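Comments concern the structure below.
Protein chains: 4
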Amino acid sequence: MSRPPFGVALVGYGFMGAAHSQAWRVAPRFFDLPFEPRMSVIVGRDRSRVEAAGERFGWASTETDWKRVIERDDIDLVDICSPGSTHVEIAIAALEAGKHVLCEKPLANTVNEARRMADAAGRAAARGVYAMVGFSYRRVPAITFARDLVAAGKIGELRQVRALYLQDWLVDAEGPMTWRLDKDLAGSGSLGDIGAHAIDAVQFITGRRVNSVSGILETLVSERPLLSESIGLSGTASEERGRVTVDDIALFTARLDGGVLCSFEATRYATGRKNAFRLEFSGSTGAIAFDLERMNELEFYDGTDAAGLHGFRRILVTEPEHPYMAAWWPTGHGIGYEHPFSHQVRDLLVDIAAGTQPRPSFDDGLQVQRVLEAVETSSAAGSSWIAVGGHDGDSPGMQKQ
Amino acid sequence: MSRPPFGVALVGYGFMGAAHSQAWRVAPRFFDLPFEPRMSVIVGRDRSRVEAAGERFGWASTETDWKRVIERDDIDLVDICSPGSTHVEIAIAALEAGKHVLCEKPLANTVNEARRMADAAGRAAARGVYAMVGFSYRRVPAITFARDLVAAGKIGELRQVRALYLQDWLVDAEGPMTWRLDKDLAGSGSLGDIGAHAIDAVQFITGRRVNSVSGILETLVSERPLLSESIGLSGTASEERGRVTVDDIALFTARLDGGVLCSFEATRYATGRKNAFRLEFSGSTGAIAFDLERMNELEFYDGTDAAGLHGFRRILVTEPEHPYMAAWWPTGHGIGYEHPFSHQVRDLLVDIAAGTQPRPSFDDGLQVQRVLEAVETSSAAGSSWIAVGGHDGDSPGMQKQ
Amino acid sequence: MSRPPFGVALVGYGFMGAAHSQAWRVAPRFFDLPFEPRMSVIVGRDRSRVEAAGERFGWASTETDWKRVIERDDIDLVDICSPGSTHVEIAIAALEAGKHVLCEKPLANTVNEARRMADAAGRAAARGVYAMVGFSYRRVPAITFARDLVAAGKIGELRQVRALYLQDWLVDAEGPMTWRLDKDLAGSGSLGDIGAHAIDAVQFITGRRVNSVSGILETLVSERPLLSESIGLSGTASEERGRVTVDDIALFTARLDGGVLCSFEATRYATGRKNAFRLEFSGSTGAIAFDLERMNELEFYDGTDAAGLHGFRRILVTEPEHPYMAAWWPTGHGIGYEHPFSHQVRDLLVDIAAGTQPRPSFDDGLQVQRVLEAVETSSAAGSSWIAVGGHDGDSPGMQKQ
Amino acid sequence: MSRPPFGVALVGYGFMGAAHSQAWRVAPRFFDLPFEPRMSVIVGRDRSRVEAAGERFGWASTETDWKRVIERDDIDLVDICSPGSTHVEIAIAALEAGKHVLCEKPLANTVNEARRMADAAGRAAARGVYAMVGFSYRRVPAITFARDLVAAGKIGELRQVRALYLQDWLVDAEGPMTWRLDKDLAGSGSLGDIGAHAIDAVQFITGRRVNSVSGILETLVSERPLLSESIGLSGTASEERGRVTVDDIALFTARLDGGVLCSFEATRYATGRKNAFRLEFSGSTGAIAFDLERMNELEFYDGTDAAGLHGFRRILVTEPEHPYMAAWWPTGHGIGYEHPFSHQVRDLLVDIAAGTQPRPSFDDGLQVQRVLEAVETSSAAGSSWIAVGGHDGDSPGMQKQ
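Protein chains in written order, with full-length UniProt numbering: chain A, 1 to 401; chain B, 1 to 401; chain C, 1 to 401; chain D, 1 to 401.
Shown next, in the form of structure tokens:
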């Protein structure tokens, strides 16, 4: 089976760069792809760092200027893993150069940027050049399966939604600054970093848009030591201090199209919760619950079970019947954090080959950005309800896996 | 050991009447009480029902008019378990007649009623006659213990609170009306019935008052069949229909004194959640989590544990060291829903004997009522932030058990 | 409703005496009983202790000699909660005196004693006088419900059974001796104390007898300080030391009638496990799992669920459909350790009124005793397989609740 | 950084072949290795299948005869993933040809084969050529960490061990035969396939050898349809039937060196349990529990915690302090089934570079094989206790990670 080569350029070499590299490396080994991805070039501003990353992650070459990369004929796709402030320029240029784009979430730091990107993506799609935003959690099999269950009516009519994303890596008030705490670079704090995942997942699973919000943003620790060396999501502290300009906690209530109430929480101060992205969907005949700390499990409550036999089932989402899982290991053998990135690569390439718009599209990313903005507006306006602007286009789903 | 007799009159014979009867019956068998409670008389408007309840629950006599009861010399305390709309008149009359009062929560249906009750309780206390409101969950050993841990600084400085009370008994849109769905009788819906528990527990455990709120109330099903026969919290449906005049869902954000943010949710539409009263307190050095569906457990995260050994501990709150538990069974043998009512009786009698104001006092009940009212006001005002009025008096704690 | 009085004499005032007292007190308040139980007399050898217990537990009178009690006309039933070594004499005398008998488990300290008791019970039953052994865990609603599910074929053909009873109250090697560690008084250690519960529950739920065993008993700490004062299941230590003459750990494999393999474990050295009585039944189309530390829950796996939706359901056994639960609180409000003793009283009185042999009968208790003896024999014989003697009579079930 | 190349030949392309391929591919991307592994050649008897596997898994070339491979100069290591019956010949030939060997578990189908392999490994080691057996679960971070905790005395003196490996893929009696059910190919059934993991893990974590056993093996379904097409661990059925010649269930009790009792269970009939490899270690001051279905978690009970604060902690084993985890993702981001194979590759290469015997060695594999044989002997001898032969050499540990 000879598949056409597909040149990939990766921009960024941090946490997301590592995860995306693993996806490009691994996806072809477990999924039948329409192309043969080539890990052609990795791009970063710091030459020695990008060279180290290129060797470590296995990219064929390195580059310090992304503009050079989008001129190359052997590059079919630009995968953007750099901070949010850089997305708009790179993505638009790449699309205009005829390169497909995979862009990490959140799509941009402002609605305005996101709208320009979505416009560019729309123009590119008309030419068969596609853009996708990297809400990778859509491809956690349990989450994709939750979407399938809701779509199949397994919980009946949706009644209520709860979405919490709980982390605790800022609990130590003397933990150092990172770019994630600087509004100019990150756009927002918990809201955009993890709250964006919650918004996208809720819209994805329910197939409905958030159309209005009332919320509050809060910064608990407003000054921190500057970072001297980066380790994981944090690092070691220097003696100088800097201002935290983003939210630590975002609490908001939302209405979906059709009126369903959702409660959202994104926080980095939930002591003891390391990565507790929790979703619960209550319907007229059933319910679904999920916690990313146990990402291979989905809880399902079937209200149509016989009397006395009702209860949340702990489904181990490792069966061949579950989305993406037939490609991996036998039943009962779980996957890890990075596997959904391989699913994302697989779906993206399949869609590109088919000439189908991959989802989440930049429009989907723009919609999330509008929700983020509406939450900020509401917070600034004493938690009054703010309509999420610009509803148009498709529902926030994706093609069935 | 000869203890003075202590005559009790119980008003009401529903769910709460049964629970309180069990407490008066059982508490003397497990706790050393300063008095010997006499289950003297049970009061209800329907003669045949109150007589059946009297025989079933083991009361010495019955009465259909509570006014007759507060005239009796052999009655020391009136225990009010009738619907919220009746509390104000009975409680004030009983206190003025020199009877101690235990009144089920919520204290009243309006702030105005609650204030009058608190005023009466203040006057009575000056004469050594005491009033207590029945937020029995304060005496769930895991909750009392959570309070002790927070007070002892085991989670450090409080950072964030989450309080959800999830039930699902209204999910069936054809389930019948009950008095709990009628605003005239119940005051409010999820908000006052179960949200009040959440508010009291948060104030109790943190030792801080809710001082402002932003929230929304929602009724999902506004018309239901009328009830023909009552069974448990629900019953069988008749063919006529009635209007649901209370909230089904209450979502609100609150600030505690000192500024800590809390997210509250009370719902009867959380499909599959039967009695999931969930609390989480995040602090600078630890966290505590609780779920009433597993009421004999408390989760505790100690941030001062050695590196690599952090994790939420599942504490089985059945040790002699735990509040109230030395009185019951050996370690590992749990208690049930009704045991905290025995703890409430025990603490109430100890306080009366000592001439100490029992907690939660009517002032504490009034404070909860003010929060409920503020949530209603905020909901009516587009979720804008509403200050909780009338701060004065003590912190919302109780004497250490 | 006037019910005939039913005089009860309780022998013993320790942990079990307290639990049985609570049952006689509470059962009439929640269940419709054919008789009106009278808590007539409590019996104990130490006068001052039995008088204190009588007052605390609410018995009308006290006695130091059980022989006086069985002569009384107003006594209908003798409830035996004294140590195992005393069971045989009291039970036989009471039955011969025409008193119904409820006898705590294990039935006796030897098969020989148990056989004599079962014979006496058989003769008494012919005269309408009944005997029951107090395997109260049969009346934990989740366990009764598990039996119902197995009997209804909900797990298909039984394939394998796992029964562990894990406690840790002997982990401290300097914890003091109690009568439970003295073979003369207790008969055996973990085996008879908690392993007996496991054997009875497995036989009850499966409806099959253990017919052969291979096992090992082990004493980890053979000498301990003598007890100076008793507290809960343990107490404070004196300076003298005594010999532990019972097993600390019992491990055995068994075959049920029909050949199904079961693994049993009873231990008091499972550090951190306070009362983890765990049962798992695997069948051709489903499975059931239970843990007494979460006694209001039952896990059920239905292999006939749709593909992709398989998982253990956490059933909160608090619905009116569940055995005994309609009598207690609304859905989601759990019960505690002592409630099954009320269920036991209820079922016993119903059977006595109906002239039906209550279960577990002394024959059932004898069968458990035979299994205990077979395990001891196997352990002494290098874990070789030992047939459990004396199979005759009914299956080890009880009438459907 | 230029590292010497290291040629790898993989024999076998089934489930284990896929897992090992992923490890060779991924390990160099996350760990600093002393060599640069080359995925040189994959070997299988069926040419078309091995070619497909080679392309899918990314091997540079394919071969149908393993003998050709061990002659190649560019091959430094032979990785044996073919069925157990083939191990002895390939491993010995490879070692004699000077190739390092990584051999999947169980080491062989008989003690005799295993002993020959261990002897060959001993001779090779003297020449700096090393052999390792693939008990990959030792490198599950939670299991490695459990070993570290036991070794550091965190649970005190070991008292009791429980090791269960529960699967359910044979519950359907009409599920087809696979090579795993044929004694000639697989050696044994549940015992060698999953029980071997339990034995190795217990020996590894405790640092003690199993020195005697009493057990029983049982085949529940002795005839099954032959396999027509392989899917995962099972496949589709043909119309012919074959005999199951291995055990479905293995139950055994064991003593470790020093006398500690362990209960072992390996079963493929634990309905609803997909991959529940459960370990529990009870010590004088603490306990540890693990379940592979939640492989990123470890439960730890610290008996030295303050009174009232005891409980099993759910440690999310995703901190940089945890073994191997600093190489992967930030805290709270879990790994999947296959990651321990990368850890295995990492440790193996580090040991080879250092001239240190990698563990588990073939001696360790032989020890497990002896335990398996002793269980079979005991089962055939009516569960009598059988000493595990041939104790000599090191404790069953490995160098600290």
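Ideal placement from N, C-alpha and C gives every residue a C-beta, glycine not left out.
Only a predicted model underlies this, so the values are computations on that prediction, with no experimental measurement involved.
Query - Between the CA atoms of L158 (chain C) and T267 (chain D) - distance to the nearest angstrom - result: Counting from 1 along the fourth sequence, the entry for residue 267 (chain D) is found at position 267. Counting from 1 along the third sequence, the entry for residue 158 (chain C) is found at position 158. T267 (chain D) and L158 (chain C): Cα-Cα distance of roughly 14 angstroms.
Report task. With a 10 Å radius around its C-beta and 16 neighbouring C-beta atoms as the bar for buried, classify K400 (chain D) as buried or exposed. Result -> One-based indexing of the fourth sequence puts residue 400 (chain D) at position 400. With a pLDDT of 45 at K400 (chain D), under the threshold of 50, the modelled position of that residue is not reliable, and the figure given next carries that caveat. The residue in question, K400 (chain D), is exposed, as its Cβ has fewer than 16 Cβ neighbours within 10 Å.
Query raised in the report: Closest Cβ-Cβ distance between G308 (chain B) and chain D: below 7 angstroms?
Result: To locate residue 308 (chain B), count along the second sequence from 1; it is residue 308. Chain D contact via Cβ: present.
**Report entry** chain D contacts from the stretch 314-328 of chain B (Cβ-Cβ distance under 8 angstroms)
**Finding:** R314, I315, L316, E319, E321, H322
Query - Nearest-angstrom Cα separation, counted from M132 (chain D) out to V371 (chain D) - result: Stepping through the fourth sequence from its first residue, residue 371 (chain D) is reached at position 371. Stepping through the fourth sequence from its first residue, residue 132 (chain D) is reached at position 132. Rounded to whole angstroms, V371 (chain D) to M132 (chain D) spans 18 angstroms at the Cα level.
Query - Top-ranked residue by Cα proximity to A353 (chain D), from D:R29, D:R25, D:P34 - result: By 1-based counting over the fourth sequence, the position of residue 353 (chain D) is 353. It is D:P34 whose Cα lies nearest to the Cα of A353 (chain D).
Query raised in the report: If you compare alpha carbons, which of C:A270, C:F300, C:E218, C:V244 is closest to L316 (chain C)?
Result: Here residue 316 (chain C) corresponds to residue number 316 of the third sequence, with the count starting at 1. If we check each option's Cα against that of L316 (chain C), C:F300 comes out closest.
Query - N-terminal and C-terminal residue of the beta strand (DSSP E) that V69 (chain D) is part of - result: Position 69 of the fourth sequence, counting from 1, holds the residue named residue 69 (chain D). Unbroken run through V69 (chain D) is the alpha helix (DSSP H), 66-69; no beta strand (DSSP E).
Requested in this report: Grab me the residues of R243 (chain D)'s own chain with a C-beta within less than 7 angstroms of its C-beta, minus the 5 sequence neighbours each way, in chain order.
Outcome: As a first step, residue 243 (chain D) must be located in the fourth sequence, where it is residue number 243. Result list for R243 (chain D): S222, E223, in chain order.
**Report entry** Uninterrupted beta strand (DSSP E) stretches inside the stretch 137-170 of chain D (no shorter than 3 residues)
**Finding:** 158-166
Report task. Let me know if A326 (chain A) comes out buried or exposed under the rule of 16 or more other beta-carbons within 10 Å of its beta-carbon. Result -> In the first sequence, the residue the question calls residue 326 (chain A) occupies position 326. With fewer than 16 Cβ atoms within 10 Å of its Cβ, A326 (chain A) is classed as exposed.
Requested in this report: Could you tell me the distance, in whole angstroms, from the CA atom of D182 (chain A) to the CA atom of R313 (chain A)?
Outcome: Counting from one through the first sequence, the residue named residue 182 (chain A) turns up at place 182. Counting from one through the first sequence, the residue named residue 313 (chain A) turns up at place 313. Looking at the two C-alpha atoms, the distance is approximately 42 angstroms.
Requested in this report: Check the Cβ of T206 (chain D) against every Cβ in chain C and list those closer than 7 angstroms, keeping chain order.
Outcome: Locating residue 206 (chain D) in the fourth sequence gives position 206, counting from the first residue. Within chain C, no residue comes near T206 (chain D); the closest Cβ sits about 14 angstroms away, beyond 7 angstroms.
**Report entry** chain D contact for W24 (chain A) (CB, 7 angstroms cutoff)
**Finding:** On the first sequence, residue 24 (chain A) is found 24 positions in, with the first residue counted as 1. Not one chain D Cβ lies under 7 angstroms of W24 (chain A).
Query - D347 (chain A), enclosing alpha helix (DSSP H) - first and last residue - result: Locating residue 347 (chain A) in the first sequence gives position 347, where the first residue counts as 1. Here the alpha helix (DSSP H) through D347 (chain A) covers 339-354.
Query raised in the report: Who are V210 (chain C)'s beta bridge partners in DSSP?
Result: Taking the third sequence and counting its residues from 1, one reaches residue 210 (chain C) at position 210. Paired residue(s): C:L256.
Query raised in the report: Are the C-beta atoms of G7 (chain C) and some chain D residue less than 7 angstroms apart?
Result: The residue given as residue 7 (chain C) occupies position 7 in the third sequence. Chain D contact via Cβ: absent.
Report task. Drop a sphere of 10 angstroms on the beta-carbon of D392 (chain B), count the other beta-carbons inside from all chains shown, and report buried for 16 or more, exposed for fewer. Result -> Along the second sequence, one-based indexing puts residue 392 (chain B) at 392. Note on D392 (chain B): pLDDT 46, under 50, position unreliable in the model; no value is reported.
**Report entry** According to DSSP, residues forming a beta bridge with A118 (chain C)
**Finding:** Counting from 1 along the third sequence, the entry for residue 118 (chain C) is found at position 118. For A118 (chain C), which the question treats as bridged, DSSP gives no partner whatsoever.
Query raised in the report: By how many angstroms is the C-alpha of L256 (chain B) removed from the C-alpha of T285 (chain B)?
Result: Translated into the one-based positions of the second sequence, residue 285 (chain B) becomes position 285. Translated into the one-based positions of the second sequence, residue 256 (chain B) becomes position 256. Straight-line Cα distance between these residues: approximately 19 angstroms.
Query raised in the report: In chain order, what residues of the same chain lie with their CB nearer than 6 angstroms to the CB of S2 (chain A), ignoring the 5 residues before and after it?
Result: By one-based count along the first sequence, residue 2 (chain A) stands at place 2. If we look at S2 (chain A) and ignore the five residues flanking it on each side, it has no Cβ neighbours.
Report task. Taking only the alpha-carbon atoms, compute the straight-line gap between E293 (chain B) and F277 (chain B) and give it to the nearest angstrom. Result -> Residue numbering aside, residue 293 (chain B) sits at position 293 when the second sequence is read from its first letter. Residue numbering aside, residue 277 (chain B) sits at position 277 when the second sequence is read from its first letter. In a straight line, the C-alpha of E293 (chain B) is about 7 angstroms away from that of F277 (chain B).
Query raised in the report: Name the residues in the stretch 84-99 of chain C whose C-beta lies less than 8 angstroms from a C-beta of chain B; which are they?
Result: none
**Report entry** Pick from D:E376, D:R241, D:A125, D:D291 that is closest to T356 (chain D), judged by C-alpha positions
**Finding:** In the fourth sequence, counting from the first residue as 1, residue 356 (chain D) sits at position 356. The candidate whose alpha carbon is nearest that of T356 (chain D) is D:A125.
Report task. Report the neighbours of T236 (chain D) on chain A: residues whose CB is nearer than 9 angstroms to its CB, in chain order. Result -> Residue 236 (chain D) sits at position 236 when you count from the first residue of the fourth sequence. The premise fails here: T236 (chain D) is roughly 12 angstroms from chain A at the closest Cβ pair, so nothing lies under 9 angstroms.
Query raised in the report: Does the beta carbon of I155 (chain D) sit closer than 7 angstroms to a beta carbon anywhere in chain A?
Result: Here residue 155 (chain D) refers to the residue found at position 155 of the fourth sequence. Cβ-Cβ to chain A under 7 angstroms: no for I155 (chain D).
Query raised in the report: Tell me the DSSP bridge mates of P176 (chain C)?
Result: For the purposes of this step, residue 176 (chain C) is taken as residue 176 along the third sequence, with counting starting at 1. According to DSSP, which records beta bridges pairwise, P176 (chain C) is partnered with nothing at all.
Requested in this report: Would you verify that the beta carbon of G134 (chain C) is, or is not, closer than 7 angstroms to some beta carbon of chain B?
Outcome: As a position in the third sequence, residue 134 (chain C) is number 134, starting the count at 1. Not one chain B Cβ lies under 7 angstroms of G134 (chain C).
Query raised in the report: Which residues mark the beginning and the end of the alpha helix (DSSP H) in which D184 (chain A) is found?
Result: If you number the first sequence from 1, residue 184 (chain A) lands on position 184. Per DSSP, D184 (chain A) belongs to the alpha helix (DSSP H) from 183-186.
Query raised in the report: Is it the case that the Cβ atoms of R45 (chain C) and T64 (chain C) are separated by a distance below 7 angstroms?
Result: What you label residue 45 (chain C) is simply residue 45 of the third sequence in a count that begins at 1. What you label residue 64 (chain C) is simply residue 64 of the third sequence in a count that begins at 1. Yes. Within cutoff.
Report task. Kindly indicate the opening and closing residues of the alpha helix (DSSP H) around F57 (chain D). Result -> The residue you call residue 57 (chain D) lines up with position 57 of the fourth sequence. Counting along the chain, the alpha helix (DSSP H) containing F57 (chain D) begins and ends at 47-57.
Query raised in the report: What residues in its chain sit with their C-beta under 7 angstroms from that of G389 (chain B), if we drop five residues either side in the sequence?
Result: The sequence position of residue 389 (chain B) within the second sequence is 389, counting from 1. Same-chain partners within the cutoff: R370.
Query - Option in D:G17, D:R25, D:S21, D:E36 with minimal Cα separation from residue 436 (chain D) - result: As shown, chain D starts at 1 and ends at 401. That puts residue 436 (chain D) outside it, with no answer to give.
Query raised in the report: How should S228 (chain A) be labelled, buried or exposed, when 16 other C-beta atoms within 10 angstroms of its C-beta is the threshold for buried?
Result: What you label residue 228 (chain A) is simply residue 228 of the first sequence in a count that begins at 1. That one is exposed.
Report task. May I ask you to list the residues that DSSP assigns as paired with Y130 (chain A)? Result -> Taking the first sequence and counting its residues from 1, the one referred to as residue 130 (chain A) is at position 130. None, per the DSSP bridge assignment.
Query raised in the report: Beta-carbon separation of G311 (chain D) and G156 (chain D) under 7 angstroms?
Result: The sequence position of residue 311 (chain D) within the fourth sequence is 311, counting from 1. The sequence position of residue 156 (chain D) within the fourth sequence is 156, counting from 1. No, these two residues do not count as a Cβ contact at 7 angstroms.
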